[in-house]
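**Q** Have a look at this one.
Residue numbers (our numbering): 11 to 402.
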């Protein structure tokens, strides 16, 4: 790969444009404190084996959850339906039963979407940045509705902290911010950025219960926190979201008071909407006829991305077995940004695309191109080939 030149007037520091240490396309190593090497390919294989047991646990947990909720929420309703059936016949009772079932399924949508306890103990144990040699502060901040959120603020050396970009990082629907530290380590080292890893309500050490509107408020609280930090460049904030975090990031940029401070939007392996994901995951034709309002959580990113005007990078793993990669291309096509780029990785899976060779180089190149275009007041067209790979 050709050597990438830093911006002409960067001056303040010199970026290291080096790919992460890879023995092959499926092997990836991280350096932790003490210069200990972690082979992420072995970790991924262990996670793959563990995921089979995890799927069974999730299924059993789902059955138990339904039984518990039915007993807690439906026992009174069943009794009422039985009385109505006894007095008035079956039709009215059936209608009431269907309404009760619909309300129950509406509420149970949270169970399918939010997994703060996966892997187990994720609400209790949150790995610290120091385990990866990162100079991170553990902080707490409050949302507009009074919920206390946990976050890690990882800062570059004081000599450059005010001159480099700052990433506001939104993770996926499971685990906690500590599980994203290996990715943060790469962003810190190879992209030379400050990073605010924000924990959603109901996840990790944050208070509250997750919900769509709640996560939007969490994102706004994270942005407000950064705007109050005196020593960072408010014009170089990068909003990054993976999977569910991509939907949170897109919503944040629909608010002009926050979007004007954003240098770049980066979304990775995210979706067009929750109803679209449901249709892709379940083969039943009945889902196709369900109106949007029947979904408690909607995250209508495809509708919102039209209004996003900030430079946008779409990172897609073509081996993603959870979110169809076509959704990422659809978001790219509909995006209202005049400066956008699509970067895909053939072997990138839903959770491990960040381990692919060239991942950080692609992010660096886009940030530098945006900064250069910003200085020269130029724009360039979206460019990607038929196979989805970016054209440089």
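All residues carry an ideal CB built from backbone N, CA and C; glycine is no exception.
1. Which residue's Cα is closest to the Cα of residue 227: 154, 132 and 145?
2. Using the C-alpha atoms, what's the distance from residue 322 back to residue 353?
3. Please name the residue, chosen from 330, 123, 282 and 179, that lies closest to residue 345 on a Cα-to-Cα basis.
4. Can you tell me whether residue 135 is buried or exposed? The criterion is at least 16 other CB atoms within 10 Å of its CB, across all chains shown.
5. Helix, strand or coil, according to DSSP, for residue 131 in the structure here?
6. Reducing DSSP to helix, strand and coil, say where residue 176 ends up.
7. Leaving aside the five residues before and after residue 385 along the sequence, list all residues of the same chain whose C-beta is less than 6 Å from its C-beta, in chain order.
8. So what's residue 195 in DSSP terms, helix, strand or just coil?
9. If I follow the unbroken beta strand (DSSP E) through residue 376, where does it start and stop?
10. When the Cα atoms are used, what is the spatial distance from residue 264 to residue 314?
11. Verify whether the separation of the beta carbon atoms of residue 241 and residue 172 is less than 7 Å.
12. Going by DSSP, which residues form a beta bridge with residue 147?
13. Specify, as a first and last residue, the run of the alpha helix (DSSP H) that residue 256 falls within.
14. Should the stretch 118-131 be regarded as contacting the stretch 205-216, the criterion being three or more beta carbon pairs within less than 8 Å?
15. Whose C-alpha, out of 133, 306, 233 and 144, is nearest the C-alpha of residue 266?
16. What whole-angstrom Cβ distance do residue 6 and residue 274 have, given they're in contact under 8 Å?
17. Are the beta-carbon atoms of residue 246 and residue 175 separated by less than 7 Å?
18. Give me the Cα-Cα distance between residue 167 and residue 138, rounded to the nearest whole angstrom.
19. With the cut-off set at 7 Å, would you say residue 272 and residue 328 are in Cβ contact?
20. Find out if the Cβ-Cβ distance for the pair residue 183, residue 237 is shorter than 7 Å.
21. What does the Cβ neighbour count give for residue 363, buried or exposed, with the cut at 16 atoms within 10 Å?
22. Just verifying my parser: in three-state terms, what is the DSSP assignment at residue 189?
23. Which first and last residues belong to the beta strand (DSSP E) in which residue 2 is found?
24. Restricting to Cα atoms, I'd like to know which of 206, 355, 347 and 160 is closest to residue 218.
25. Am I right that residue 262 and residue 308 are in contact with their C-beta atoms under 8 Å? What's the rounded C-beta distance?
26. Taking the alpha-carbon positions, what's the residue 382 to residue 285 distance?
27. So for residue 230, helix, strand or coil by DSSP?
28. Go ahead and label residue 196 buried or exposed: buried means 16 or more other beta carbons lie within 10 angstroms of its beta carbon, across all protein chains shown.
29. Assign residue 252 to one of two classes, buried (16 or more other C-beta atoms within 10 Å of its C-beta) or exposed (fewer than that).
30. Tell me whether residue 305 is buried or exposed, calling it buried when 16 or more other Cβ atoms sit within 10 Å of its Cβ.
31. Anyone know if the C-beta pair for residue 198 and residue 170 falls short of 7 Å?
**A** The structure says:
1. When each option's Cα is compared against that of residue 227, the closest is 154.
2. Between the alpha carbons of residue 353 and residue 322 lies a gap of roughly 11 Å.
3. When the alpha-carbon of residue 345 is set against those of 330, 123, 282 and 179, the nearest one is in 282.
4. Per the 10 Å Cβ criterion, exposed.
5. Residue 131 falls in the coil class under three-state DSSP.
6. DSSP places residue 176 in strand when its eight states are reduced to three.
7. None.
8. DSSP places residue 195 in helix when its eight states are reduced to three.
9. Taken as a continuous stretch (DSSP letters only), residue 376 belongs to no beta strand (DSSP E), being part of the alpha helix (DSSP H) at 369-386.
10. One alpha carbon belongs to residue 264, the other to residue 314, and they sit about 7 Å apart.
11. Taking 7 Å as the Cβ cut-off, residue 241 and residue 172 qualify as a contacting pair.
12. Answer is 163.
13. Where residue 256 is concerned, the enclosing alpha helix (DSSP H) starts and stops at 254-262.
14. Taking a cut-off of 8 Å for Cβ pairs, the stretch 118-131 and the stretch 205-216 touch, as three or more such pairs fall below it.
15. In terms of Cα proximity to residue 266, the closest of 133, 306, 233 and 144 is 233.
16. The displayed coordinates of the chain run from 11 to 402. Any statement about residue 6 would go beyond what the structure contains.
17. Yes. Within cutoff.
18. Whole-angstrom Cα-Cα distance: 19 Å.
19. In this structure, residue 328 does not lie closer than 7 Å to residue 272 by Cβ.
20. No, they are not a contact pair.
21. Its Cβ being crowded by 16 or more others within 10 Å, residue 363 is buried.
22. DSSP places residue 189 in helix when its eight states are reduced to three.
23. This structure gives no information on residue 2, because the portion of the chain shown stretches from 11 to 402.
24. For residue 218, the closest alpha carbon among the candidates 206, 355, 347 and 160 is that of 160.
25. With 8 Å as the limit, residue 262 and residue 308 do not qualify as a contact, their Cβ atoms being about 16 Å apart.
26. The alpha-carbon of residue 382 is positioned some 38 Å away from that of residue 285.
27. Residue 230 sits in a helix when the DSSP states are folded into three classes.
28. Burial state of residue 196 is buried, judged by a 10 Å Cβ sphere holding 16 or more other Cβ atoms.
29. Answer is buried; the Cβ neighbour count reaches 16.
30. Counting C-beta atoms within 10 angstroms of its own C-beta, residue 305 has 16 or more neighbours from the protein chains shown and is therefore classed as buried.
31. Going by beta carbons, residue 198 and residue 170 fall outside the 7 Å limit.
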